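K.L.:
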Amino acid sequence: MRHHPVRVLFVFVAAVVVTAVVGSLFSVSAGDEYLSLRRPSWAPPAWLFGPVWTVLYGMIALSGWLAWRSGAGRGELTLFGAQLVLNALWTPLFFGLGWYGFAFVEILVLWLAIVVLIVVFSWRSKAAALLLVPYLAWVSFAAALNLSITALN
Numbered sequence: 008m009r010h011h012p013v014r015v016l017f018v019f020v021a022a023v024v025v026t027a028v029v030g031s032l033f034s035v036s037a038g039d040e041y042l043s044l045r046r047p048s049w050a051p052p053a054w055l056f057g058p059v060w061t062v063l064y065g066m067i068a069l070s071g072w073l074a075w076r077s078g079a080g081r082g083e084l085t086l087f088g089a090q091l092v093l094n095a096l097w098t099p100l101f102f103g104l105g106w107y108g109f110a111f112v113e114i115l116v117l118w119l120a121i122v123v124l125i126v127v128f129s130w131r132s133k134a135a136a137l138l139l140v141p142y143l144a145w146v147s148f149a150a151a152l153n154l155s156i157t158a159l160n
C-alpha cells in the first residue's frame, strides 16, 4: 500500500512533537532548576534551549521523512523512533528526577544512536543524514554540559 507523502510527513512531525511534549512536561520548571545549578562558564542561557530544540526538531522530522521517501526500511525507521524515545527520556532523567549521572549515560546512548542513524540514513539520502548533523552537534554539546553539571553538583 502506498502512503501519501504529505500524510507521512505529518506522522514524522507528530512523532517529533510528541517527543518535544514529553520533554516539555518535565521541563516546566527546568529553567529555574537550570539556573540554580552550578554550571560551567560556557553554559548557554536557559532561554536558548527552546529555540534551538524547535529548529532541531523540525530538522529531525524532515530527516526522517526524507529517509522514508528514499526507501528507508523498518529497521532504519525503528532506529529513528528509538532515538526519539532516547531524546524524550533525557529531560525527565535530568530535570524530573535530578539523576545527572544517569542522564549523562543516557545521553551517550542517544549520541551513539544519532551517529548510527546518520550513517544508516546516508545510505538512502545524504540530505536526511546531513539534517541530523546539527542535532548530533547539539547533543554532543549537551552531553559535555551534562557531564560538567554532574561534576559541579
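For the sequence shown, the working numbering gives the first residue as 8, with consecutive numbering after it.
Where is the CB? At the ideal position from N, CA and C, for every residue including glycine.
Everything numeric in this text was worked out from a predicted model, so none of it was measured.
Within 10 Å of its beta-carbon, does V146 have 16 or more other beta-carbons around it, so buried, or fewer, so exposed?
P.N.:
By one-based count along the sequence shown, residue 146 stands at place 139. Answer is buried; the Cβ neighbour count reaches 16.
K.L.:
Enumerate in chain order the residues of its own chain whose CB-to-CB distance from S77 is below 8 Å, with the five nearest sequence positions on each side excluded.
P.N.:
Looking up residue 77 in the sequence shown gives position 70. Cβ neighbours of S77 beyond the five flanking positions: R131, S132 and A135.
K.L.:
Tell me whether R46 sits in a helix, a strand or coil according to DSSP, three-state version.
P.N.:
Here residue 46 refers to the residue found at position 39 of the sequence shown. DSSP places R46 in coil when its eight states are reduced to three.
K.L.:
Starting from G30, follow the alpha helix (DSSP H) in both directions and report where the run begins and ends.
P.N.:
Residue mapping note: residue 30 aligns to position 23 of the sequence shown, counting from 1. For G30, the enclosing alpha helix (DSSP H) begins and ends at P12 to F33.
K.L.:
Measure the alpha-carbon distance for L137 versus S70 and round it to whole angstroms.
P.N.:
Taking the sequence shown and counting its residues from 1, the one referred to as residue 137 is at position 130. Taking the sequence shown and counting its residues from 1, the one referred to as residue 70 is at position 63. Looking at the two C-alpha atoms, the distance is approximately 8 Å.
K.L.:
Assuming the contact rule is C-beta atoms closer than 8 Å, W72 and V15 should be a hit. Round their C-beta distance to whole Å, please.
P.N.:
By 1-based counting over the sequence shown, the position of residue 72 is 65. By 1-based counting over the sequence shown, the position of residue 15 is 8. Confirmed, about 6 Å.
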